[in-house]
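> Residue numbers (my numbering): 84 to 405.
Backbone N, C-alpha and C fix where the C-beta goes; we use that ideal spot for every residue, glycine too.
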Ligand SMILES: [Zn+2]
């Protein structure tokens, strides 16, 4: 499905089967000179077919097309190496690119997950079914690195990169100051809450995320173009809702913890999740991975605020109230 958002700016909706996200918004700026495609879809046939149909309908010549990836997740990056040609520039966050360069260290993430209460058998299943492993680009293209403040010019769209860490460490939004449009990637979504996770205690993802929300909250925008679902206009209002959501989640984590000493895994099992399941036992394992990652992000944030403490003297890391 395609819609025209503004002159020469289009959206191709790419289905993401079996993902709670439902689909991905791939944005296309058509220009006589170089076209630009922002985000691509999983490296899966069903995504490739939707993309090709959209590009055909828009009459896009890939040899005159560059790419920009808002962040490293495979629903945004997966197809890029199949679409990019020898003449394509692939613009990508310098920070997020390290994931591809070092070929994502799954072993370190798995060790970390075990320390946080995952059982090995379940963990192996969770990692095997993780979309990051299954649907990433098979060949890594040569990137043109983006930093905070980098500019991409596409036709008469002048897109300024805003580094907005949180959803990933190197997430980038694109802002056109003249047209007052913001490509928000997965930093701000309208219909769903962006997933915030941590797979290391070095990174305080939730704190970074909340700071990054503040960073863009007061930008003058006429329209926000997110990575998934509907476009929207009230950026500041949506950011207030997201901040409120995390405040509620943080309080829920505190409530589940109570006076207990618990692992992140057990805390995740005690939290409420917006998923069609009777109990934690029935949770699909992939979703358990995301849930535990999200619990860790909230626990790490609470620890940094001095509201709980992390105990590391045993094999399994636990948390407790002060
Ligand atoms: Zn994402």
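(1) Using alpha carbons as the reference points, say which of 317, 284 and 276 lies closest to residue 263.
(2) Spatial neighbours of residue 240 within its chain, please: C-beta separation below 6 Å, excluding the five flanking residues on both sides.
(3) Give me, in chain order, the residues of the same chain whose beta-carbon lies closer than 8 Å to that of residue 163; leave out the 5 immediate sequence neighbours on both sides.
(4) Within 10 angstroms of the Cβ of residue 389, are there 16 or more other Cβ atoms? Answer buried if so, exposed if not.
(5) Using DSSP bridges, identify the partner residues of residue 65.
(6) Just to confirm, is the Cβ distance from residue 222 to residue 234 under 8 Å?
(7) Going by the CB atoms, is the gap between residue 141 and residue 166 shorter than 8 Å?
(8) Output the residues surrounding ligand 2, defined as those with a CB atom closer than 5 Å to any ligand heavy atom, in chain order.
(9) Do residue 276 and residue 328 count as a contact pair if the criterion is CB distance below 8 Å?
(10) Drop a sphere of 10 angstroms on the beta-carbon of residue 168, count the other beta-carbons inside from all chains shown, and report buried for 16 or more, exposed for fewer.
(11) Along the chain, where does the beta strand (DSSP E) containing residue 394 start, and where does it finish?
(12) Let me know the alpha helix (DSSP H) ranges lying completely inside the stretch 125-169, each 4 residues or longer, listed in chain order.
(13) Just to confirm before moving on: does the CB-CB distance between residue 292 and residue 249 stay below 8 Å?
(14) Quick check: the Cα distance between residue 385 and residue 371, rounded to an integer number of angstroms?
(15) Okay, do the stretch 334-353 and the stretch 368-382 touch, 3+ Cβ pairs below 8 Å being the bar?
(16) Give the straight-line distance between the Cα atoms of residue 159 and residue 106, rounded to the nearest whole angstrom.
(17) So if DSSP puts residue 118 in a beta bridge, which residue, or which two residues, is it bridged to?
(18) Starting from residue 309, trace the beta strand (DSSP E) in both directions and tell me its first and last residue.
(19) Is the number of C-beta pairs between the stretch 120-139 and the stretch 190-197 that are closer than 8 Å three or more?
(20) Is the beta carbon of residue 154 less than 8 Å from the beta carbon of residue 171?
(21) Fully enclosed by the stretch 172-216, which alpha helix (DSSP H) runs are 4 residues long or longer?
(22) Starting from the C-beta of residue 353, find all residues in its chain whose C-beta is less than 6 Å away, skip the five residues before and the five after it, and write them out in chain order.
Working from what's here:
(1) 317
(2) 112 and 259
(3) Excluding positions up to five away in sequence, the list reads 123, 150, 152, 173, 220 and 224.
(4) Exposed, since its Cβ has fewer than 16 Cβ neighbours within 10 Å.
(5) This structure leaves residue 65 out entirely; the chain is present only between 84 and 405.
(6) no
(7) no
(8) No copy of ligand 2 occurs in the structure displayed; its ligands are ligand 1 alone.
(9) Between residue 328 and residue 276, the C-beta spacing is below 8 Å.
(10) exposed
(11) 391-394
(12) Runs of the alpha helix (DSSP H) inside the stretch 125-169: 128-140, 157-160 and 163-166.
(13) yes
(14) 21 Å
(15) yes
(16) Whole-angstrom Cα-Cα distance: 11 Å.
(17) 148
(18) 306-309
(19) no
(20) no
(21) 177-184, 189-198 and 203-211
(22) 339
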